[in-house]
Amino acid sequence: MTAIVKVFIPRDSAALSVGAERVSKKLTQLAAEQDTVVDLVRNGSRGLFWLEPMVEVDTPEGRVAYGPVAPKDLPSLIEAGLLNNASPSDRQAHPLYLGLTEEIEYLKKQQRLTFARAGIIDPVSLTDYKSTHGYDGLVRALDMSSQALVDEVKDSGLRGRGGAAFPTGIKWQTVLNTPAAQKYIICNADEGDSGTFADRLQMEADPFALIEGMTIAGLAVEATQGYIYLREEYPHAKDILNEAIQVAEQNGYLGENILDSGKTFHLEVRIGAKAYICGEETALMESLEGKRGMVRPKPPLPAIEGLFGQPTVVNNVLSLSTIAIILAKGGKFYQEFGMGRSRGTMPFQLAGNLKYPGLVETAFGITMKELLFDFGGGTRSGRPMRSVQSGGPLGAYLPESQWHLEMDYEALSAEGAVLGHGGLVAFDDTVDMLEQARFSMEFCVEESCGKCTPCRIGSTRGVEVIDRIRADENRDDNLELLEDLCDTMVSGSLCAMGGMTPFPVQSALEHFGEDFQKPSNNQEAGQ
């Protein structure tokens, strides 16, 4: 009987962007030519992006990885034993050999809870998901009262992973306590921060975890309808989510009478409006209702009057995906990770000028420097690192003197920084921080919903003032004006879009003020 070789090639966006589909087709062709039977699993990425496409093969010793693999590499890989039980020494002779996947140092040092299955399973295989303790949480949840479910989440210490870090259990409690004929669960999957990709990776690598988490959330607050508000730029995530939802419905894990419990939860994917502001929860709900995505004043809170005026839970992908493991293993288990008020783990995303960009899930408390150098490997360019932006395009730019900070909501906030969605974008010493400050204001010009004056007009004036500074027009007066403008935006904006846009500008002024004093070589100044 011909042995079947199990090979894993990712199907997520990151791997596809660097040729994973071509590698898959070439491997299928070569295997057929050799009459080799290959069980090709299109898994998600493990998050080691500099190694993509990373090809894994099942061996008697465990899964062995090679990467980054191009179609031209496959003949030599097959010759080195990719498709047979070659000895470890024969495999090691190939330059793309990475060893046992689980022993790769980048992975081995992590504490993966939310991303425990990423890269391991077929994303749309219910069998794979259940074999790795998937749906254990839902089965337990079906035997618990709504209040007990909310209490479990409170006990875990889970806070919103979308940026605001509001305690998830308290939000759920408010929705549970608010009487209504209809309640909703919304997953904010409109991941728009520069340098962030954890939501996308989770949806493409382990969609059932999100589906399970949303179903549990529905049981906890007595909501029967959920929506995943998905960023339009994520077509692969859309296809994977819709396929997984269909599988869950067909097998009784979604819809009416879930697992013969008499309980109901329906789930749909809705495509976003291609606007950054729709990542703000009230603008997101306006968009879901078919309106222009504009921020609503608070109060009322969405937990009391949200989607269509009904009580609504709005959490992001990481928060809801983590619910599954919290219910499977208990809130106390999850709270054992982390520090202070930041409990559990955080999937940090390393991007920008780094040698080893990727996803690192570990407990809160690791320092920024450890992430940038122990995992990220320093700059890809080999030049000294100068600045790091934490928390997306509205986060502060941090100099080397602040890289000792622990990755914790309160620790960063105390230093004027934000953890946000967990993204870190690194810059080497060639960066012009005046240009980065201008980008922050320009970003707000493009993405503001326009509802409030400080954000709509302030960001436009901000670009103009920075252009005058670049052109050396009344530099001192314009620097003073820029600081006043930032203060007005922070204090007067309706939401975090305008209120946080000054953070990167103010931090650039404070820590990299010399870039605001030198003559600009940019010929576009003033345009």
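For reference, each letter of the sequence shown is one residue, going 1485 to 2011 in our numbering.
From the three backbone atoms N, C-alpha and C, an ideal C-beta is built for every residue, glycine too.
- Counting along the chain, the unbroken beta strand (DSSP E) around Asn-1800 starts and ends at 1796 to 1800.
- In the three-state reduction of the DSSP assignment, Val-1521 falls in the strand class, which pools E and B.
- Classified as buried, Leu-1738 has 16 or more neighbouring CB atoms from the shown chains inside 10 Å of its CB.
- Here the region 1799 to 1812 does not lie against the region 1832 to 1843, with fewer than 3 beta-carbon pairs under 8 Å apart.
- Pairing Gly-1618 with Ala-1693 gives a Cβ-Cβ distance under 9 Å.
- The C-beta distance from Met-1973 to Gly-1934 rounds to 14 Å, too long to fall under 8 Å, and the pair is not in contact.
- Residue state for Glu-1764 is assigned as coil, using DSSP reduced to three classes.
- Counting along the chain, the unbroken alpha helix (DSSP H) around Arg-1575 starts and ends at 1572 to 1576.
- In terms of CA proximity to Asp-1912, Arg-1867 leads the group His-1905, Met-1925, Ala-1898, Arg-1867.
- In this structure the region 1621 to 1632 does not touch the region 1871 to 1886; the number of beta carbon pairs closer than 8 Å is below three.
- If you check the CB distance, Ala-1895 and Pro-1988 do not come in under 9 Å.
- When Cβ pairs closer than 8 Å are counted between the two stretches, the region 1781 to 1794 is seen to touch the region 1654 to 1668, the count reaching three or more.
- As summarised for the region 1699 to 1767, the continuous beta strand (DSSP E) elements at least 3 residues long and confined to that stretch are 1709 to 1714, 1750 to 1755, given in chain order.
- Sequence-distant partners of Val-1539 (beyond 5 residues in either direction) whose C-beta falls short of 8 Å from its own C-beta, in its chain, are Val-1491, Phe-1492, Ile-1493, Val-1507, Leu-1511, Ala-1549, Tyr-1550, Gly-1551, Val-1553, Leu-1561, Leu-1566.
- In the three-state reduction of the DSSP assignment, Pro-1868 falls in the coil class.
- Residue pairing by DSSP puts Asn-1672 in a beta bridge opposite Tyr-1713, Asn-1800.
- Annotation: Ile-1788 is outside any alpha helix (DSSP H) and is labelled neither H nor E by DSSP.
- Boundaries of the beta strand (DSSP E) around Thr-1829: 1829 to 1836.
- In this chain, Thr-1585 is not harboured by any alpha helix (DSSP H), its DSSP state being neither H nor E.
- In this structure, the alpha-carbon of Gly-1815 lies about 9 Å from that of Ile-1809.
- One Cα belongs to Ile-1695, the other to Leu-1610, and the distance between them is close to 12 Å.
- In this structure, the CA atom of Lys-1556 is about 23 Å from the CA atom of Arg-1530.
- Restricting attention to Phe-1996, Ile-1604, Cys-1671, the CA atom closest to the CA of Asn-1527 is found in Ile-1604.
- Taken atom to atom, the span from the alpha-carbon of Val-1489 to that of Phe-1599 is near 26 Å.
- Within the same chain, and ignoring the five residues on either side of Thr-1851 in sequence, the residues whose Cβ sits closer than 8 Å to its Cβ are Trp-1887, His-1888, Leu-1889, Glu-1890, Met-1891.
- Membership of Gly-1907 in any alpha helix (DSSP H) is not indicated; the residue belongs instead to the beta strand (DSSP E) covering 1907 to 1912.
- Three or more Cβ pairs drawn from the region 1698 to 1714 and the region 1750 to 1767 lie within less than 8 Å of each other, which places the two stretches in contact.
- With 16 or more other CB atoms across the displayed protein chains lying within 10 angstroms of its CB, Arg-1827 is buried.
- Excluding five sequence positions before and after Trp-1534, the CB atoms of its chain that fall closer than 8 Å to its own CB belong to Pro-1552, Lys-1839, Tyr-1840, Pro-1841, Gly-1842, given in chain order.
- The C-alpha of Ser-1975 lies about 15 Å from the C-alpha of Pro-1781.
- Under the three-state reduction of DSSP, Gly-1946 is assigned to helix.
- DSSP places Glu-1688 in the uninterrupted alpha helix (DSSP H) bounded by 1682 to 1689.
- According to DSSP, Thr-1846 shares a beta bridge with Met-1830.
- The beta carbon of Glu-1764 sits closer than 6 Å to those of Val-1779, Cys-1979, all from its chain and outside the five residues before and after it, given in chain order.
- In this structure, the alpha-carbon of Gly-1777 lies about 10 Å from that of Ser-1932.
- When beta bridges are read from the DSSP output, Pro-1651 appears opposite Arg-1643.
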